[in-house]
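So the structure is just underneath, and the comments pick up after that.
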Amino acid sequence: MSRSLISISDLTDAEIEKILDLSKVFAEVNSREIPKVPALKGKTVATLFFENSTRTRLSFELAASRLSADVITFSVAGSSVAKGESLRDTAETIESLGADLIVMRHPSSGSVKLVSEWLRVPMVNAGDGAFQHPTQGLLDAVTLIEHFKSENNLNGVRIGIIGDVIHSRVARSNIQLMSRLGAEVVLVGPPAFLPSDISAWPVKVSYSLDEVLPELDVLYLLRIQSERFSDAVLPSLADFSSSYLLSRDRLKRARKDAVVMHPGPVIRGVEIAHEIVDSERSLIRRQVENGVPVRMAVLYWLLAANEGKLDPAW
Amino acid sequence: MSRSLISISDLTDAEIEKILDLSKVFAEVNSREIPKVPALKGKTVATLFFENSTRTRLSFELAASRLSADVITFSVAGSSVAKGESLRDTAETIESLGADLIVMRHPSSGSVKLVSEWLRVPMVNAGDGAFQHPTQGLLDAVTLIEHFKSENNLNGVRIGIIGDVIHSRVARSNIQLMSRLGAEVVLVGPPAFLPSDISAWPVKVSYSLDEVLPELDVLYLLRIQSERFSDAVLPSLADFSSSYLLSRDRLKRARKDAVVMHPGPVIRGVEIAHEIVDSERSLIRRQVENGVPVRMAVLYWLLAANEGKLDPAW
Amino acid sequence: MSRSLISISDLTDAEIEKILDLSKVFAEVNSREIPKVPALKGKTVATLFFENSTRTRLSFELAASRLSADVITFSVAGSSVAKGESLRDTAETIESLGADLIVMRHPSSGSVKLVSEWLRVPMVNAGDGAFQHPTQGLLDAVTLIEHFKSENNLNGVRIGIIGDVIHSRVARSNIQLMSRLGAEVVLVGPPAFLPSDISAWPVKVSYSLDEVLPELDVLYLLRIQSERFSDAVLPSLADFSSSYLLSRDRLKRARKDAVVMHPGPVIRGVEIAHEIVDSERSLIRRQVENGVPVRMAVLYWLLAANEGKLDPAW
Chain A
1 MSRSLISISD LTDAEIEKIL DLSKVFAEVN SREIPKVPAL KGKTVATLFF ENSTRTRLSF
61 ELAASRLSAD VITFSVAGSS VAKGESLRDT AETIESLGAD LIVMRHPSSG SVKLVSEWLR
121 VPMVNAGDGA FQHPTQGLLD AVTLIEHFKS ENNLNGVRIG IIGDVIHSRV ARSNIQLMSR
181 LGAEVVLVGP PAFLPSDISA WPVKVSYSLD EVLPELDVLY LLRIQSERFS DAVLPSLADF
241 SSSYLLSRDR LKRARKDAVV MHPGPVIRGV EIAHEIVDSE RSLIRRQVEN GVPVRMAVLY
301 WLLAANEGKL DPAW
Chain B
1001 MSRSLISISD LTDAEIEKIL DLSKVFAEVN SREIPKVPAL KGKTVATLFF ENSTRTRLSF
1061 ELAASRLSAD VITFSVAGSS VAKGESLRDT AETIESLGAD LIVMRHPSSG SVKLVSEWLR
1121 VPMVNAGDGA FQHPTQGLLD AVTLIEHFKS ENNLNGVRIG IIGDVIHSRV ARSNIQLMSR
1181 LGAEVVLVGP PAFLPSDISA WPVKVSYSLD EVLPELDVLY LLRIQSERFS DAVLPSLADF
1241 SSSYLLSRDR LKRARKDAVV MHPGPVIRGV EIAHEIVDSE RSLIRRQVEN GVPVRMAVLY
1301 WLLAANEGKL DPAW
Chain C
2001 MSRSLISISD LTDAEIEKIL DLSKVFAEVN SREIPKVPAL KGKTVATLFF ENSTRTRLSF
2061 ELAASRLSAD VITFSVAGSS VAKGESLRDT AETIESLGAD LIVMRHPSSG SVKLVSEWLR
2121 VPMVNAGDGA FQHPTQGLLD AVTLIEHFKS ENNLNGVRIG IIGDVIHSRV ARSNIQLMSR
2181 LGAEVVLVGP PAFLPSDISA WPVKVSYSLD EVLPELDVLY LLRIQSERFS DAVLPSLADF
2241 SSSYLLSRDR LKRARKDAVV MHPGPVIRGV EIAHEIVDSE RSLIRRQVEN GVPVRMAVLY
2301 WLLAANEGKL DPAW
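So the protein lines, in turn, are chains A, B and C.
Residue numbering for the first sequence follows the numbering used here, beginning at 1 and increasing consecutively.
Residue numbering for the second sequence follows the numbering used here, beginning at 1001 and increasing consecutively.
Residue numbering for the third sequence follows the numbering used here, beginning at 2001 and increasing consecutively.
Encoded structure:
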């Protein structure tokens, strides 16, 4: 068992800083005419996704490829998983084939941690149930640090995380990371979408978006994870939208410099009004763009950084 | 928004000539022991197919790879499209991930044009509904120019485009391109499969294959696009076949040097007799072979040609 | 039509020895910091799988990639096969696109042989119905030769092939190869799972695992291919398991140095007890690990070895 990235809480403050710094290095690489470095030449990165997510998978695969690693995609549909193979045997097979690192997504919280204990190679959690999605947290932090032109911190930034918090792994990773970087986090949503006991969380809570709106620097809308709850939890989507949808009117009552974020995929008109997605206030496309250098940083950090290979010639 | 290839009508005569010339250059590259050039090193080509077509997708992906570009395949099944993401957000996400060019296929006519107006990167239309499939037209032209050993023209060649013209994007691209290259085009099929008003099209029309057969140099059979019409349109496939199937007997009544083409996939016995597909009269395999250099030419033309990068050292 | 690897019986003894030797060369390559050689640079290897098998497909694709070949994956789901294209036209299309070698899996015995007769490029049978899976046989032989530290032979080794022999292509390839390498092969299973006439096979047969257990050096458990027989064949899985499952108790009655093999995917508790899979007696992970160098050897042997390209500089 190697060092893996399962949760933001696995990272020391120094490691977070290291990844944020590496991410800047690789953002520069990405801006080149030939956006490639031989940093992981000869390494094989495998993706193992038990939930559909083309955007996250492609972001990791592009990151691996720009580091000159080889990529193998284990597609669960049509694999021996369908023949009854266990999670452990599937993961061990990928390791035995020669993968040097496995990026895994799975609908069960804790599953990536469990698998990482069976394997010798490092793993990256690309989302496990409602638990964690650490690279999403990191790319969101990079996007905000870039926006606020700050030095690897978010001191004093007030971030509202709005909507379906309880079912969101993105929320869990972001709450931990943003608060450690100095931000004040407010969770906003109806009671059914908020954790019942937040005493251990470094956050405030509000049931009213309209009330907290004037104080927020960042409006982070979450996707409603309707695949993770029964219909009874949220009787009416229209009710939700009337109180929590980020409409054009509502955005007018926010701070003039407040920015809008969303982890994607965006379902326009449910969590966020159509025209806001593409507006100047939106950092949504920048979040996607930052995904590749952040994942390059994480892959490099896990596979090569301790070998001291950040070649100045790159 | 960049220059894209959506329709044959986007191309000037000089641009068509340029692509035909580049295609010859890349055909030579393909015949080498190591059929690769570093022409698009560092570029990322994405394929985004909303209709199944492994052959066309692989042809584009091989073309990109032989130009040393990286390839990302956005597979719609199992993507966030299933979660309700809009076409616009899907395409913008692929662009934000870092794609330098997007090759798209979609069942709706006009959809690729629409998406290209939202994006900054060039696009190639790999087939949109019944509208256009320009690289198929180009590879068919290359195949005929090669067959007739002509100089980038098809002057005086009589081409019959036979069968389900009305639902065929291949027919639309070929009619435009072949007639601009100097060919005479005759559309042949039952009334239900022919456009009702062809006054704007540079073609003749015939309902009888047997009648026009002795005058044709090229017999271009189309696939019956049964997924694009209701059963009522064509009461009987047997009736169609008796009049329009290219049988062995019918081929005997054609010109001795007439050649047979089909865009594939071929369903033997419906549009064309089994043994003709593999005969010396058939250019069908040559069409597939020419697909790769033609797509190399198009990708290179859109991504690099105006940077003057056709290195003589290749 | 080129030389292909369809069945173990295609290979002369000298060719088997050549592949075993090449496999050792490529195992050394795989152990390097950068496990790649330019042996097949510029070649394109296509995989064409009509049955699900991510592990075998990835093993071939990794092998091709470590030889610096390009890989194209023809995925049958979502291809023109669904539009009614024939097996022949699908295979010829892949060849026309530019594949230099096709790795094919198909549920019908004999199908890969048939296709190889239509094509000009070499093929590798990655499993056809209940007929053959030659690279599995070769990687199993490599695993045993490595275990017994022998010189490309298995002289005197007693191998029990246990379970669903009749439906197993792995069994057929292994019986041929192991006995040619000098091993004594015993087939063990209930009558419904054994061939009715084995007079032409170089094997012994037993209906009782417990009876032959003390004499076996290798316990090779097969997967029950329930997709290949009707329920009537095997009335009760529980009955099967009580007599043929390799349980912990049963393993205690085997020779102290007997080893356990399985072609995967393992369904723990049906053919083999959970804890044995990961025990020191198990060669199962080693089988998977050896798959990549063995397939590198086969691809290299078919595409390059007769050109005398085994460069000592690698």
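Note that the Cβ used here is the ideal one computed from N, Cα and C, for glycine as well.
Note that this is a predicted model, so its numbers are computed, not measured.
Inset, instruction - Express the C-alpha separation of Leu2087(C) and Leu1237(B) in angstroms, rounding to a whole number. - result: 23 Å
Legend entry - Whether Gly189(A) touches Asp164(A) by CB criterion (9 Å): yes
Inset, instruction - Less than 8 Å between the CB atoms is what I'm expecting for Ile72(A) and Ala91(A), so what's the real figure, rounded? - result: Between Ala91(A) and Ile72(A) the Cβ distance is about 13 Å, and since that is not below 8 Å, they are no contact.
Legend entry - Cβ-Cβ distance between Pro1293(B) and Lys1043(B) below 9 Å: no
Inset, instruction - Anything in the region 137 to 160 of chain A with a Cβ closer than 8 Å to a Cβ of chain C? List those residues in chain order, please. - result: none
Inset, instruction - Evaluate Ile1276(B) with the Cβ neighbour count: other Cβ atoms within 10 Å of its Cβ, from every protein chain shown; 16 or more gives buried, anything less gives exposed. - result: buried
Legend entry - Residue from Leu154(A), Ile145(A), Phe148(A) and Met104(A) whose Cα sits closest to the Cα of Leu119(A): Met104(A)
Legend entry - Length of the line joining the Cα atoms of Arg223(A) and Tyr244(A): 12 Å
Inset, instruction - Assign Gln132(A) to one of three DSSP states: helix, strand, or coil. - result: strand
Legend entry - Proximal residues, the region 2026 to 2052 of chain C versus chain B, C-beta separation under 8 Å: Lys2041, Gly2042 and Thr2044
Legend entry - beta strand (DSSP E) runs contained entirely in the region 133 to 216 of chain A, provided each spans 3 or more residues: 158 to 162, 184 to 188 and 203 to 206
Inset, instruction - Answer with buried or exposed for Glu2289(C), where buried requires no fewer than 16 other C-beta atoms within 10 angstroms of its C-beta. - result: buried
Legend entry - Residue burial classification, Ser2116(C) (beta-carbon count within 10 angstroms, cutoff 16): buried
Inset, instruction - Return yes when the Cβ of Leu2283(C) is within less than 9 Å of the Cβ of Leu2246(C), no when it is not. - result: no
Inset, instruction - Could you check the C-alpha separation between Leu134(A) and Val1298(B) for me, to the nearest Å? - result: Per the sequence shown, residue 134(A) should be read as Pro rather than Leu. About 40 Å.
Legend entry - Any C-beta of chain A under 9 Å from that of Gly1098(B): yes
Legend entry - Touching by the beta-carbon criterion (3+ pairs, under 8 Å), the region 127 to 143 of chain A and the region 169 to 177 of chain A: yes
Inset, instruction - Measure the beta-carbon distance from Tyr1300(B) to Ala1039(B) and round it to whole angstroms, keeping in mind my assumption that it falls under 8 Å. - result: 6 Å
Inset, instruction - Return helix, strand or coil for Asn2125(C), following the three-state DSSP convention. - result: strand
Inset, instruction - Answer with buried or exposed for Pro1202(B), where buried requires no fewer than 16 other C-beta atoms within 10 angstroms of its C-beta. - result: exposed
Legend entry - Extent of the continuous alpha helix (DSSP H) to which Ile2276(C) belongs: His2274 to Val2277
Inset, instruction - Go through the region 1049 to 1119 of chain B residue by residue and report every complete run of the alpha helix (DSSP H) that reaches 4 residues or more, in order. - result: 1054 to 1066, 1087 to 1097 and 1111 to 1118
Inset, instruction - Can you pull the chain B residues whose beta carbon is under 8 Å from the beta carbon of Phe2074(C), in chain order? - result: Thr1054 and Leu1058
Legend entry - Contact set for Arg1003(B): own chain, Cβ-Cβ below 7 Å, skip 5 residues either direction: Pro1122 and Leu1302
Inset, instruction - Could you run through the region 245 to 268 of chain A and flag, in chain order, every residue whose CB is less than 7 Å away from some CB of chain B? - result: Gly264, Pro265, Val266, Ile267 and Arg268
Inset, instruction - Find out if the Cβ-Cβ distance for the pair Glu51(A), Gly127(A) is shorter than 9 Å. - result: yes
Legend entry - Phe60(A) beta carbon less than 9 Å from that of Val142(A): no
Legend entry - Straight-line Cα distance separating Ile267(A) from His147(A): 24 Å
Legend entry - Distance CB(Ser1053(B))-CB(Gln1132(B)) smaller than 9 Å: no
Inset, instruction - Starting from the Cα of Ile2272(C), find the closest Cα among Gly2291(C), Lys2256(C), Ser2242(C) and Arg2295(C) and give me that residue. - result: Ser2242(C)
Inset, instruction - Take Ala1130(B) as the anchor and find which of Ser1109(B), Asn1030(B) and Leu1097(B) has the nearest alpha-carbon. - result: Ser1109(B)
Inset, instruction - Could you confirm whether any beta carbon from chain C is found closer than 9 Å to the beta carbon of Ser1208(B)? - result: no
Inset, instruction - Would you kindly work out how many angstroms separate the C-alpha atoms of Val212(A) and Val186(A), rounded to a whole number? - result: 9 Å
Inset, instruction - Using a cut-off of 9 Å between C-beta atoms, extract the partners of Ser2065(C) located in chain A. - result: Thr44, Asp70 and Ile72
Legend entry - chain C contacts made by the region 1120 to 1131 of chain B, where a contact means CB separation under 7 Å: none
Legend entry - Boundaries (first-last residue) of the beta strand (DSSP E) holding Val259(A): Val259 to Met261
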